[in-house]
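Using the UniProt record's numbering, read the sequence shown as starting at 1 and increasing by one per residue.
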Amino acid sequence: MKKSTIQCLKLARKIYMKAFLDREHLYGSHPVVRNQQANQLIANAINTHAPVMVARLGAVEASCIGIYKSIHSSGNQTLNYIRGKAEAFWWEENSMSLMANNAGFFPAEPAMLERFSSLMLEDMAEVDILGSWLWQEKLFAGELHNATRIGLTDLEPYNHDDPWSLSLEGKRVLVIHPFTESISQQYSKRHLIFKDSPVLPEFDLVTLRAVQSIANTQTGYRNWFDALEHMKDQIASIDFDVAIIGCGAYGFPLAAHVKRIEKKGIHLGGATQTLFGIKGKRWETKKIHGRVADMMNEHWVRPQVSETPQGIKSIEDGCYW
């Protein structure tokens, strides 16, 4: 599609949405459970014997999947896009760039992104509890029909007086994240990280260092799918009860995999590091994360040098570091 046509479509969408579309119509009207009730849903899911998937979608990934659905839509693509009922119906350069740089997907080419989107839509059927925050979720209503929606920040246990993370006590907990050294170090002083309330109980911590491919970091794998399959194989060899996951675009499908092998997967995304008292600019500088910033004390740390790839400034000015 010509750049001039794309610019005209974006302008028309902007004008229409500003004039006619309020937040409710943009985001849809799905009920969202919040606060202590949401926290209790997660605690109950951990305490049952059934496998479970608790997750959230990343903004970059949701946009990519939305584009895929729009491209393959049988409706009026132009009108649906302008009216905020659909994503772009062409592969945007910016979307592909963000998938590579921010989400760690490679190679970020249309054919591979189509394969990724198809996988994600399939995995959405496994979601039991969804941290809801993106307008694109209405595009996936059919795929997410099994999910109970809760507020995004309700996924984070330290936001509650009786945090769901206390249900991890006595369990074997696998944490899948690129910052495994820092997480192990911080867990050893868990009583000092959150001074005002207990958040991290005593459990058997096991870590799996996730493939780090954000900021276009070279991994040695042919593509993102090979890296994902390797991590799935590693997970299958580990004995655990609950997995807590934060690793870019890998996180959501890994949580679905954990549920499929009859265990419990909780995909927290970026908040995984703050659960273990690891600082990042995102939580220090953005007002929306002010509560986390207020929790930080002298026992919080930054990720280790060995956990810091080149080019981190390209990811929201190094938001995880």
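Note that CB positions come from ideal geometry on N, CA and C, so glycine has one too. Please read these numbers as outputs of a predicted model, since none were measured by experiment.
- Taking 8 Å as the upper bound for CB-CB distance, C319 and R282 are in contact here, some 4 Å apart.
- In this structure, the CA atom of I46 is about 34 Å from the CA atom of H25.
- V292 carries a helical assignment under DSSP once its states are collapsed to helix, strand and coil.
- The Cβ-Cβ distance between Y187 and L205 falls below 7 Å.
- Taking the CA atoms as reference points, N159 sits about 34 Å from H230.
- Residue burial annotation: N76 is exposed, with fewer than 16 other C-beta atoms found within 10 angstroms of its C-beta.
- A direct Cα-to-Cα measurement between D162 and L268 gives close to 18 Å.
- Close CB contacts of A271 within its chain, under the 6 Å cut and outside five residues either way in sequence, are with E156 (chain order).
- DSSP lists V173, K264 as the bridge partner or partners of V242.
- When DSSP assignments are scanned along the segment 125 to 150, the uninterrupted stretches of beta strand (DSSP E) that are 3 or more residues long and fall wholly within it turn out to be 129 to 132.
- Between Y16 and the set K85, L113, R291, F105, the nearest pair of CA atoms involves K85.
- For V305, the number of other beta carbons within 10 angstroms of its own is below 16, and it is reported as exposed.
- Here the C-alpha atom of H289 lies approximately 39 Å from the C-alpha atom of M1.
- According to DSSP, residue pairing for V33 in a beta bridge involves I150.
- Less than 7 Å divides the Cβ of I71 from the Cβ of F89.
- Sequence-distant partners of H257 (beyond 5 residues in either direction) whose C-beta falls short of 7 Å from its own C-beta, in its chain, are K232, I235.
- Pairing R56 with A12, the inter-Cα distance amounts to about 30 Å.
- Scanning W135, A59, V292 for the CA closest to the CA of L21 turns up W135.
- Cβ-Cβ distances below 7 Å link E114 to Y68 in the same chain, with the five nearest sequence neighbours on each side left out; the list follows chain order.
- Counted as a single uninterrupted DSSP element, the stretch harbouring V211 is not any beta strand (DSSP E), since DSSP gives it neither H nor E.
- Judged by DSSP in its simplified three-state form, V199 adopts coil rather than helix or strand.
- Of E169, E93, A293, the smallest CA-CA separation from L200 is found for E169.
- Per DSSP, V54 is one residue of the beta strand (DSSP E) stretching across 52 to 56.
- Judged by beta-carbon spacing, I278 lies beyond the 7 Å limit of V175, meaning their Cβ atoms are not closer than that value.
- Distance between N102 and I214, taken at the CA atoms: about 5 Å.
- Where E93 is concerned, the enclosing alpha helix (DSSP H) starts and stops at 93 to 101.
- In terms of CA proximity to K264, E126 leads the group L79, E126, S29.
- Bounds of the alpha helix (DSSP H) holding A236 are 224 to 236.
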